[in-house]
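Protein sequence lines, in the order shown, are assigned to chains A and B. Residue 13 is where the first sequence starts when you use this note's numbering, and the numbers rise one by one after that. Residue 13 is where the second sequence starts when you use this note's numbering, and the numbers rise one by one after that.
Protein chains: 2
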Amino acid sequence: MAEAAKVLCMGNAIVDIIARVDDAFLAKHDREKGAMNLVDAETSASIYSDMPPAVERSGGSAGNTAAGIASFGGSAGYIGKVHDDQLGTVFRHDIQAVGVQFNTAPATTGAPTATSMILVTPDAQRTMNTFLGACTEISEYDVVEAEVAAADILYVEGYLWDTAPMKAAVLRAMDLAHKHGTKVSLTLSDSFCVDRFREEFRDLVDSKVDILFANEAEILSLYEVETFEEALAELKTHVKIAALTRSEKGSVLLSADEEVTVAAFPTTVEDTTGAGDLYAAGVLFGLSEGKDLETCGKFGSLAAAEVISHLGARAEVSLKDLAAEKL
Amino acid sequence: MAEAAKVLCMGNAIVDIIARVDDAFLAKHDREKGAMNLVDAETSASIYSDMPPAVERSGGSAGNTAAGIASFGGSAGYIGKVHDDQLGTVFRHDIQAVGVQFNTAPATTGAPTATSMILVTPDAQRTMNTFLGACTEISEYDVVEAEVAAADILYVEGYLWDTAPMKAAVLRAMDLAHKHGTKVSLTLSDSFCVDRFREEFRDLVDSKVDILFANEAEILSLYEVETFEEALAELKTHVKIAALTRSEKGSVLLSADEEVTVAAFPTTVEDTTGAGDLYAAGVLFGLSEGKDLETCGKFGSLAAAEVISHLGARAEVSLKDLAAEKL
């Protein structure tokens, strides 16, 4: 058996269907630009039937992060539910092929593997339209205690709060992490997601989270404050480590006794999908290798820059090689 | 109902699974570099399990051509068999979304939608490993006489000779074309394919084909000659129009009273997949619009240059816009 993964990621297992559209397309389909919009099967079919020719790539926020950690040469595992279908096979192949341990059994009944139609506008913004499908079939039984116990860090998506079975599975994973001394990390995922679950997320961050990821909009929304500085002040009293991204302004990493600002890595922005996921991959890889916060932040910036330089949310080159060359 | 398509394309309906590999990967899996290798389900699974993370895009030679014609603003239809599954839905979506008429009913029994694992080496060569799946479920009943009758040109792949049901369907389509005065066009597809069916292809070119597409290796193999000039001399006695590609040397278009050489369009070569398919798209679009051979050849060069500048065998920009800008 393979050595246990140091960073165990948990999220919605999704195959992305990616196309470039103009702003009029978003308006016509009444899509919230920049957001992750949940869609039912009917709305999904309706958008797809009007969507330009597309490209399919494995995605899913925490899946992208796990793949990124593995691409750095790190040790990553993944928990997420696909169906036993063609897109489920694609998802499994892609995450295992990059070196991530992925053992969650596929669902054999119920909805097909989740898809997200990702609409990329000329400003490189991405608007996601996610049909959760088989993701809602996950259960507490998919969380393997030995895997959680063996990991240094359990990393979960805020997106998992969107359905009861996913949330139950995450909460069990977090409890197991606490039982075994595994650190718990959460990404707030999306500011609209924070709007949906603000109180729960606040409690969670207070009581169960050691390492928090968020972008500026998400953290302002969480604490309902006006400025980034106010959010930082709040965070210092609530988590051990926070890593906050600010797009082209780079990121701020925070611990009890340190506050580090890391610049964004220069690149050409083609598609912002996966920027936060790959930033988290770099930071988590660094933490799992015992690096200091500044180095972690640089890994994050580098990985985010790579993924936004092309269409799709998985790194197209070895992040290990890229780090050796650029850092 | 939509106006009938001017160019009706017929081929194996395939979703491509594309990844970059090194030459050692081809050697390990004993793959013939640059060829279309047919694989059974077991070999397909074996290669896939060892393949790096991939990207999925609709493909299939004549499907790429039909999509290219539509991207030029031309009128194209497609006949090909997918299964009623996720990848079949992807194929149907992509070809219809670019404006191709595609009405072939999906198979509801038998093998899944065809896939081709396309391995792109650092020299930008592509090596294809195709599991034909549902393509072998096509039958003469999938050829609609009214569609063939209404078209100006019927365009078919040499690849269709690989199984008996596909061949039977093509021959019926060709007979209907002759009955209704629709021109017949064939691409030889692949020099290994020509090796497999040389005598049949020679008879076919002689008796049923009006417009022939081939690259240099294919046409040398068809007539078992040593030089391109000898092949040209042979062709003049056998077909009304031939369009022959020579990679970076451009192409030669031939009719009873004309021989035109067209330069390749300058580009950066990332992945040669689809070069011949998109060249054919440009030429067929030109012919269907009544353009002279030189203009047809230029459309072909432009489309081929676009498709080899990125991963995947479908144009990523509007060829109509590109032609307006560049020609």
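Where a beta carbon is used, it is the ideal one built from N, C-alpha and C, also for glycine.
Beta bridge counterpart(s) of residue i as assigned by DSSP
i, result
"residue 67 (chain A)", "A:30"
"residue 169 (chain A)", "A:199"
"residue 127 (chain A)", "A:27, A:143"
"residue 270 (chain B)", "B:267"
"residue 8 (chain A)", "Because residue 8 (chain A) is not part of the residues shown, which for chain A are 13 to 339, the question remains open."
"residue 95 (chain B)", "B:119"
"residue 50 (chain B)", "B:142"
Beta-carbon proximity list for residue i, same chain, < 7 Å, skipping 5 on both sides
i, result
"residue 35 (chain A)", "133"
"residue 71 (chain A)", "26, 27, 28, 128, 325"
"residue 339 (chain A)", "310, 314"
"residue 30 (chain A)", "66, 67, 69, 130, 132, 323, 324"
"residue 104 (chain A)", "94, 114"
"residue 182 (chain A)", "22, 168, 172"
"residue 110 (chain B)", "79, 82, 83"
"residue 76 (chain A)", "286, 289, 290, 325, 326"
"residue 268 (chain B)", "252"
"residue 116 (chain A)", "91, 92, 93, 154"
"residue 135 (chain B)", "none"
Alpha helix (DSSP H) segment containing residue i, residue limits
i, result
"residue 61 (chain A)", "53 to 62"
"residue 107 (chain B)", "98 to 109"
"residue 337 (chain A)", "331 to 338"
"residue 246 (chain B)", "240 to 248"
"residue 219 (chain B)", "210 to 219"
"residue 115 (chain A)", "No alpha helix (DSSP H) contains residue 115 (chain A), which DSSP labels as neither H nor E."
"residue 73 (chain B)", "73 to 83"
"residue 4 (chain A)", "No answer is possible for residue 4 (chain A): it lies beyond the span of chain A, which begins at 13 and ends at 339."
"residue 222 (chain B)", "Looking at the DSSP string, residue 222 (chain B) is not in any alpha helix (DSSP H), and its letter there is neither H nor E."
"residue 288 (chain A)", "287 to 300"
"residue 160 (chain B)", "157 to 162"
The beta strand (DSSP E) enclosing residue i, as first and last residue numbers
i, result
"residue 233 (chain A)", "Per DSSP, residue 233 (chain A) belongs to no beta strand (DSSP E); it is in the alpha helix (DSSP H), 228 to 235."
"residue 147 (chain A)", "Per DSSP, residue 147 (chain A) belongs to no beta strand (DSSP E) and is neither H nor E."
"residue 253 (chain B)", "253 to 257"
"residue 261 (chain A)", "That residue, residue 261 (chain A), is in no beta strand (DSSP E); it is neither H nor E in DSSP."
"residue 19 (chain B)", "19 to 22"
"residue 88 (chain A)", "88 to 91"
"residue 323 (chain B)", "From DSSP, residue 323 (chain B) is part of no beta strand (DSSP E); its letter is neither H nor E."
Cβ distance (whole Å) where residue i is taken to contact residue j below 8 Å
i, j, result
"residue 202 (chain B)", "residue 47 (chain B)", "6 Å"
"residue 298 (chain B)", "residue 285 (chain B)", "Rounded, the Cβ-Cβ distance is 22 Å, inconsistent with contact."
"residue 290 (chain B)", "residue 327 (chain B)", "7 Å"
"residue 150 (chain A)", "residue 93 (chain A)", "4 Å"
"residue 91 (chain A)", "residue 22 (chain A)", "4 Å"
"residue 86 (chain B)", "residue 330 (chain B)", "Not a contact, Cβ separation roughly 12 Å."
"residue 50 (chain B)", "residue 142 (chain B)", "6 Å"
"residue 206 (chain A)", "residue 234 (chain A)", "5 Å"
"residue 218 (chain A)", "residue 250 (chain A)", "6 Å"
"residue 98 (chain A)", "residue 108 (chain B)", "With 8 Å as the limit, residue 98 (chain A) and residue 108 (chain B) do not qualify as a contact, their Cβ atoms being about 19 Å apart."
"residue 180 (chain A)", "residue 211 (chain A)", "In fact, because the Cβ distance is near 18 Å, the residues do not count as touching under 8 Å."
"residue 213 (chain A)", "residue 170 (chain A)", "7 Å"
Sequence-distant residues of the same chain with beta carbon closer than 8 Å to residue i, five excluded per side
i, result
"residue 278 (chain A)", "317"
"residue 60 (chain A)", "29, 129"
"residue 158 (chain A)", "16"
"residue 120 (chain A)", "95, 96"
"residue 163 (chain A)", "16, 17, 18, 19, 20, 89, 189, 194"
"residue 333 (chain A)", "none"
"residue 237 (chain B)", "243, 246"
"residue 13 (chain A)", "The pLDDT assigned to residue 13 (chain A) is 49, lower than 50, so where the model puts this residue is not dependable; a value taken from the coordinates is nonetheless given after this. Nothing meets the Cβ criterion."
"residue 52 (chain A)", "143"
Chain-order list of residues whose beta-carbon lies under 6 Å from that of residue i (same chain, five-residue window excluded)
i, result
"residue 175 (chain A)", "148"
"residue 161 (chain A)", "192"
"residue 197 (chain B)", "165, 167, 223"
"residue 254 (chain B)", "224, 247, 266"
"residue 33 (chain A)", "131"
"residue 320 (chain A)", "281, 284, 287"
The segment 256 to 274 of chain B in contact with the segment 58 to 72 of chain B per 3-pair CB rule at 8 Å: no
Touching by the beta-carbon criterion (3+ pairs, under 8 Å), the segment 254 to 265 of chain B and the segment 219 to 237 of chain B: yes
The segment 285 to 304 of chain B in contact with the segment 40 to 60 of chain B per 3-pair CB rule at 8 Å: no
Stretch pair the segment 54 to 63 of chain A + the segment 75 to 88 of chain A: three plus CB contacts closer than 8 Å: no
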